[in-house]
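> Take a look at this one; I'll ask things after.
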Amino acid sequence: MVKVTIDGVEIEVEEGTTILNAARQAGGDIVPPAMCYYTGLEGSGGKCRSCLVEVAAGSERDPRPMPKLMASCRTEVQHGMVVKNKTSERVIDAREGVTEFLLINHPLDCPICDQAGECDLQDLSFKHGVEWSRFEEEKRTFAPRDIGDKIKLHMNRCIMCYRCVFVAQQLTNKRVHGVLNRGDRSEISTYIEQALDSDFIGNVIDVCPVGALTDKTFRFKSRVWFLKPMNAHRDCPTCQGIATVWMFGNEIYRVTGRKDKYSEIERHNGKTAWICDTCRFETKDVAKWVIEGPRIINRYSVISTNHYTNENPLDAKKDPKKLQ
Amino acid sequence: MGRKLLLEHINVPGIETFDVYRKHGGYSAVEKALKTMSPEDVVEEVKKSGLRGRGGAGFPTGLKWSFIAKPEGVERHLLCNADESEPGTFKDRYLMQYIPHLLIEGMIVSSYALGANLSYIYIRGEYMFVLDILEKAIAEAYEKGFLGKNILGSGYDLDLRVTPGAGAYICGEETALIESLEGKRGNPRIKPPFPAVKGLWGRPTVVNNVESIATVVPIINMGADEYGKIGTEQSHGTKLISACGNLERPGVYEIELGMTVEEFIYGDDWCRGIKNGKKLKALIPGGSSVPILPHYLITKTAKGEVRNMSYESLSDGGFATGSMLGSGGFIAFDEDQCIVRNTWNFARFYAHESCGQCSPCREGTGWMDKVLHRLEHGKGTLRDIDMLEKVNKRIEGNTICPLGDAAAWPVAAAIRHFREEFEWHVSNPEEAQKHNFGLSREVTFS
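Chains A and B supply the protein sequences, listed in that same order. The letter at position 101 of the first sequence is residue 159 when you use our numbering, and the numbering goes up by one with no holes. The letter at position 221 of the second sequence is residue 225 when you use our numbering, and the numbering goes up by one with no holes.
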């Protein structure tokens with residue numbers, strides 16, 4: 059066990075834990091945002107730079123501060139490390155910078171985007187963004203594309219987190235999509251119009267932090283905050299069958315994996331509970347699911363506004379302690 | 005003329021062939037190292053010589069070598085970084101094209117020092133013709149028993165291969181180079197772990213610049229003490245400088261570190277001054293990614309001392325009034341050159357070459373390119389100049405690899421020293437569109 063201090067909160071974690079995971083174990087508002095890191099995907103993280111933190115003391119043995127801001131999702135904690143996250147002005151400035159950079163080429167089409175309401179980029183810009191943009195240039199654009207018969211790709215919204223590439227690499231037996239080109243013209247794409255087709259490829263939709271990859275069986279059917287998320291399970295030969303179904307009345311509009319408060323699929327029975335494409339796209343009959351009960355959603359999330367609380371979520375902005 | 009160690013025999017006809025190279029003392033370093041020295045001795049010798057990496061960062065080569073992890077039963081690799089893509093730098097190509105056996109000799113000695121049995125030269129895709137030259141030279145070295153099994157009866161085996169890249173600047177970053185060599189997309193890895201611990205195929209790896217590896221040959225031949233006497237206190241030995249821009253005689257020169265910048269630009273043996281008798285306006289001393297120096301800071305530092313061609317003198321005054329020796333891409337600008345246009349050109353280059361992996365670099369470089377394009381074409385505002393500075397600060401240091409820094413530094417330095425020229429572009433949009441020389445015509449030079 060090693061002892062680490064994050065924003066004055068002292069916590070003991072196992073050796074080899076990253077700063078981000080240590081902060082998550084401590085909980086509260088000292089957790090840095092993560093747009094590209096995903097616990098269940100090996101090798102993810104380090105790309106979006108929104109989780110940058112300042113390491114004020116490297117370790118007990120070598121208490122020198124690290125000169126550069128470190129990506130907390132990929133930096134392992136050392137005994138006696140002192141980390142500054144929200145208490146460091148440098149970190150806040152860098153994070154505002156990252157938010158600005160992620161948004162300059164983003165179409166800002168939240169009103170018509172299916173991810174709106176459960177989008178990590180919305181959360182990030184709510185916390186660290188500004189109301190106006192300094193970017194006056196023309197945005198770079200791509201045409202929306204069908205990749206596979208159930209998945210739509212809106213490359214304009216993509217933040218290049220590479221999560222979907224890792225999903226295809228690690229969950230399915232063949233990867234037909236990847237990153238093409240360089241710089242701000244780089245795009246997620248298949249090689250010569252191939253379709254994404256595999257039992258678990260639908261998980262790229264769940265891991266996508268923005269609305270770049272959306273479910274074609276749910277697109278434009280409803281806003282997520284009009285739906286009620288319910289925990290449900292079924293006997294599935296391919297996957298664990300543990301999912302969240304999003305219902306309107308007695309109808310299932312869509313099926314997703316069970317996401318925790320960091321937008322990551324929960325672990326069940328010692329494994330990440332990825333769901334298969336049959337559960338996700340083809341099992342929308344209520345009779346086929348065992349509904350366990352309502353899913354607990356963060357009370358300040360827009361999804362829970364109409365369901366569980368009378369509080370205005372905008373109040374949370376005035377009191378940052380309430381935001382997680 | 006100063007002393008020449010690398011380019012001593014460059015003008016001998018046929019030096020690219022094994023026999024002529026051998027006749028002029030070639031491969032004596034291999035003989036000396038393999039027959040009389042242990043690998044540790046070679047590392048110690050290079051450490052003692054004070055050789056600093058010639059690729060740009062200037063990290064001591066011997067120190068880098070001593071960091072390599074040596075777990076039992078795991079192979080180690082030496083990679084030669086010949087992906088020389090920095091605008092203004094062409095010294096490695098010159099070396100490889102005209103005297104390829106020097107690099108091969110350096111590779112043998114360095115691989116021996118590190119205990120590597122399989123080494124690679126990673127060459128940029130645009131240097132296809134150099135690849136042919138190198139492959140021919142390697143075939144000759146195999147034939148004469150300097151590569152392959154049991155070199156010179158010492159029991160040391162080495163295989164040397166040349167691999168071309170596909171023309172990406174980012175593959176000159178060491179971890180991106182390793183990824184590319186493994187056959188993947190050339191994205192830099194997130195460090196740590198560093199290549200010295202986990203590099204090519206997860207094995208300990210050292211990546212060195214062409215010139216650093218070639219310099220090991222004279223160090224072994226003449227001994228570290230002798231080599232250390234050349235140069236200044238902190239910069240030892242000689243350095244290849246690729247001079248270009250508005251110079252009377254551009255080209256690749258081997259200089260002793262510590263000669264004055266003034267002599268290098270105006271000396272008869274060197275660049276012979278500025279072309280067409282014009283005045284020097286600005287200078288980039290170490291390739292496009294180092295800060296630009298205005299005319300009043302070139303020959304003298306801010307403190308009034310004479311500026312030398314050495315690591316410490318060129319970086320005197322930090323980034324506020326200094327620059328860096330970098331990779332030795334020496335670019336001179338005469339009074340007719342437009343700094344805004346040049347800065348935009350560099351920004352465009354970095355926007356094109358950013359790998360697109362991390363957000364500050366991917367989006368920031370593209371943004372700077374667009375804003376500078378607007379400024380250059382007379383459509384900018386004064387606010388844009390301040391904004392560029394702020395965007396710069398948010399890119400610098402927040403990226404995975406140094407490309408973000410390399411893109412931010414030249415823009416920051418250009419605005420720092422030539423702000424009035426940027427402002428001239430804003431206030432005279434029509435003239436800025438008509439001419440490309442900016443304010444320079446109206447400035448009187450000291």
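Every residue gets a Cβ at the ideal spot worked out from N, C-alpha and C, and that includes glycine. Since we're looking at a predicted model, the values are computed, not measured.
Is A:Asn-79 close to chain B? Criterion is C-beta to C-beta, closer than 8 Å.
no
> Classify A:Met-213 as helix, strand or coil using the three-state DSSP reduction.
helix
> Report yes if the CB atom of B:Val-279 is closer than 8 Å to the CB atom of B:His-299, and no otherwise.
Contrary to the premise, residue 279 of chain B reads as Lys rather than Val in this sequence. In this structure, B:His-299 does not lie closer than 8 Å to B:Lys-279 by Cβ.
> Round the Cβ separation of A:Leu-17 and B:Asn-402 to the nearest angstrom and send it over; I've been treating them as touching at under 8 Å.
The structure shown does not extend to residue 17 of chain A, since chain A is modelled only from 59 to 382, so the question has no answer here.
> In the structure shown, what three-state DSSP assignment does B:Arg-457 receive?
No answer is possible for residue 457 of chain B: it lies beyond the span of chain B, which begins at 5 and ends at 450.
> According to DSSP, is A:Thr-367 part of a helix, a strand, or is it coil?
For A:Thr-367, the pLDDT reaches just 49, beneath the cut-off of 50, and the residue's location in the model is therefore unreliable, although a value from the coordinates is still provided. Residue state, collapsed to three classes: coil.
> Note down, in chain order, each residue of its chain lying with its Cβ closer than 8 Å to the Cβ of B:Gly-159, except the 5 sequence neighbours on either side.
none
> So A:Ile-349 is in the alpha helix (DSSP H); what residue range does that whole segment cover?
Premise fails: A:Ile-349 lies in the beta strand (DSSP E), 348-352, not in any alpha helix (DSSP H).
> Using the Cβ count rule (16 or more neighbours within 10 Å means buried), how would you classify A:Tyr-249?
exposed
> Which parts of the region 241-307 of chain A are runs of the alpha helix (DSSP H), unbroken and 4 residues or longer, counting only runs that do not cross its ends?
261-265
> At a CB distance below 8 Å, what residues from the region 337-362 of chain B approach chain A? Give them in sequence order.
Hits within the stretch, in order: Ala-355, His-356, Glu-357, Ser-358, Cys-359, Gly-360, Gln-361, Cys-362.
> Please report the Cβ distance between A:Ile-69 and A:Lys-144, rounded to the nearest whole angstrom; I am assuming they are in contact, meaning their Cβ atoms lie under 8 Å.
Their Cβ separation, rounded to whole angstroms, is 15 Å, which puts A:Ile-69 and A:Lys-144 out of contact at 8 Å.
> Considering only residues of the same chain and omitting the five flanking positions on each side of A:Phe-200, which have a CB-CB separation below 7 Å?
Residues of the same chain with a CB within less than 7 Å of the CB of A:Phe-200, apart from the 5 flanking positions on each side, are Met-213, Asn-214, Glu-245 in chain order.
> Please go through the same chain and pick out, in chain order, the residues whose beta-carbon is closer than 6 Å to the beta-carbon of B:Gly-291, but skip the five residues on each side of it.
Glu-90, Gly-92, Thr-93, Gly-330, Ser-331, Gly-333
> Apart from the five residues on each side of it in sequence, which residues of its chain come closer than 6 Å, Cβ to Cβ, to B:Tyr-173?
Ser-89, Glu-357
> Using three-state DSSP, classify A:Ala-115 as helix, strand or coil.
strand
> Any Cβ of chain B within less than 8 Å of the Cβ of A:Val-149?
No, because no Cβ of chain B sits closer than 8 Å to the Cβ of A:Val-149.
> Quick check on the DSSP output: the beta strand (DSSP E) that includes B:Gly-333 runs from which residue to which?
333-338
> Report yes if the CB atom of A:Asn-289 is closer than 8 Å to the CB atom of A:Glu-350, and no otherwise.
yes
> Going by DSSP, which residues form a beta bridge with B:Ala-86?
The partner list for B:Ala-86 (beta bridge, DSSP) reads B:Ile-127.
> At 8 Å on the CB atoms, spell out the chain A contacts of B:Thr-369, in chain order.
Gly-241, Asp-242
> Can you pull the chain D residues whose beta carbon is under 8 Å from the beta carbon of B:Arg-366, in chain order?
Structure shown: chain D not included; protein chains present are A and B.
> Taking C-alpha atoms, which residue in B:Pro-289, B:Cys-362, B:Trp-348 lies nearest to B:His-381?
B:Trp-348
> At a CB-CB cut-off below 9 Å, which residues of chain A make contact with B:Asn-402?
For B:Asn-402, the chain A residues whose C-beta falls within less than 9 Å of its own C-beta are Arg-107, Leu-110, Lys-126, Leu-127, Ala-152, Gly-155, Val-156, listed in chain order.
> Measuring only the C-alpha atoms, how far is A:Thr-157 from B:Thr-303?
42 Å
> Alpha carbons only, please: which of B:Glu-393, B:Arg-378, B:Ile-389 is nearest the one belonging to A:Glu-196?
B:Arg-378
> Quick check: what's the CA-CA separation for B:Tyr-270 versus B:Gly-277?
4 Å
> Can you tell me where the alpha helix (DSSP H) with B:Ile-269 in it begins and where it stops?
B:Ile-269: member of the alpha helix (DSSP H) spanning 265-270, first to last residue.
> Does DSSP put B:Val-78 in a helix, in a strand, or in coil?
coil
> Hey, quick one: how far does the alpha helix (DSSP H) through A:Cys-222 stretch, first residue to last?
221-229
> For B:Gly-152, does the three-state DSSP call read helix, strand or coil?
strand
> The alpha helix (DSSP H) that contains A:Met-139, what's its start and end?
Looking at the DSSP string, A:Met-139 is not in any alpha helix (DSSP H); the run it does join, the beta strand (DSSP E), is 139-142.
> To the nearest angstrom, how far is the alpha carbon of B:Arg-56 from that of A:Gln-252?
49 Å
> Could you check whether B:Leu-82 and B:Leu-10 sit closer than 8 Å to each other, using their CB atoms as the reference points?
no
> Take A:Lys-105 and list the residues in its own chain whose beta-carbon comes closer than 8 Å to its own, dropping the five residues that flank it on each side.
Cys-94, Met-218, Cys-219, Tyr-220
> Given that A:Arg-192 touches chain B, what residues does it touch there, using C-beta distances under 7 Å?
Met-391
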